[in-house]
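Presented below is the structure to which this report refers.
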Amino acid sequence: WSDLFDPHAYRAVLSEIETRQFDLLHIHNVSQSTLAPFVAAKRAKVPVVNTLHDLWLTCANNMRFQADGTYCDPALFPDGCGNCYQRYDYWAAVPYRRRLMQRLTDNVALFLAPSQAIIERHVECGFDRDRFRLLRLGFEQQPLPAPSHATVRQILATQNDFHTIVFAGGGTHIKGSSVVAAALPRLFEQDERLRVVIAGGGDPAVLDQLRHYE
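Residue numbers (the working numbering): 4 to 217.
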């Protein structure tokens, strides 16, 4: 329950709001500060805009991802699946979490989401679609600098010799490394010129499995 509401964070945020006389509070993810900022803003009657980056409002592991690798269906598990993937930022695993999250964020005037998929996942869990706006993350395209990593230079130098797939998830399970490992045999059967580049660290066992195809 202390993951859900921290009275120390509540008092600190409320003090800042009252001292600085904010017209608007813009909140992002709050797993380390709990939902206290939302409650403080509600107490001070300051409107809130919340930019979403994942599914933390709907799931204790932020992704609605279960330990067995399947996706959690809120229609089957309205109050949480009880079989959550817990090797991530797992927080506020309390009974009726989704209902409490919705109740304690009912003062949010607008949720900003970087993708339509994030909006749909929240609507599936009972959030009002009219409270969401799609606002894609804006990154100005910059010219890419010449690579300094020797392996990257080698890959680019031989790019015409292979059909290259880059997987940037390393050996991290939640990024789909097990799916890549399972797909590699069939991919190599279909394309003799295929080259799969794995970028990033992660679980040594998964990385060893991926290196098996070197």
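Glycine included, each C-beta is placed from N, C-alpha and C at the ideal position.
Using C-beta distances below 8 Å, list every residue in its chain close to HIS166, excluding the 5 sequence neighbours before and after it, in chain order.
ASP194, ARG196, LEU197 and ARG198
Just checking my contact of TRP59 with ASN65 at CB under 8 Å: how many whole Å lie between their CB atoms?
5 Å
Quick check on ARG90: does DSSP put it in helix, strand or coil?
coil
How big is the Cα-Cα spacing for GLU192 and PHE130?
45 Å
I need the DSSP call for LEU197, collapsed to helix, strand or coil.
strand
Using the three-state DSSP reduction, which class does PHE191 fall into: helix, strand or coil?
helix
Indicate whether PRO50 and ALA149 have their beta-carbon atoms separated by less than 9 Å.
no
Decide if ARG101 is buried, meaning its Cβ has at least 16 other Cβ atoms within 10 Å, or exposed.
buried
From the DSSP output, in three-state form, read off VAL155 for me.
helix
Whole angstroms are fine: how far does the CA of TYR93 sit from the CA of THR3?
What is shown of the chain runs 4 to 217, which leaves residue 3 out entirely.
Less than 6 Å between C-beta atoms, sequence neighbours within five positions excluded: which residues of the same chain meet that for ILE168?
VAL199
Range of the contiguous beta strand (DSSP E) that encloses ALA15:
Here ALA15 belongs to no beta strand (DSSP E); instead the alpha helix (DSSP H) covers 10-23.
Report the residue ranges of all beta strand (DSSP E) runs contained in full by the stretch 57-92; include only those spanning at least 3 residues, in chain order.
none
Go through its chain and collect everything with a Cβ distance to ALA44's Cβ below 7 Å, but skip five positions before and after it.
ILE20, LEU28, VAL51 and ASN110
So, do the stretch 174-190 and the stretch 198-215 have three or more beta carbon pairs nearer to each other than 8 Å?
yes
Use the C-beta contact count for VAL16: other C-beta atoms within 10 angstroms, 16 or more gives buried, fewer gives exposed.
buried
Identity of the residue in ARG23, HIS31, PRO40 and TYR99 nearest ALA12 by Cα:
PRO40
Along the alpha helix (DSSP H) that carries ILE168, what are the first and last residues, could you check?
No alpha helix (DSSP H) contains ILE168, which is instead part of the beta strand (DSSP E) from 166-170.
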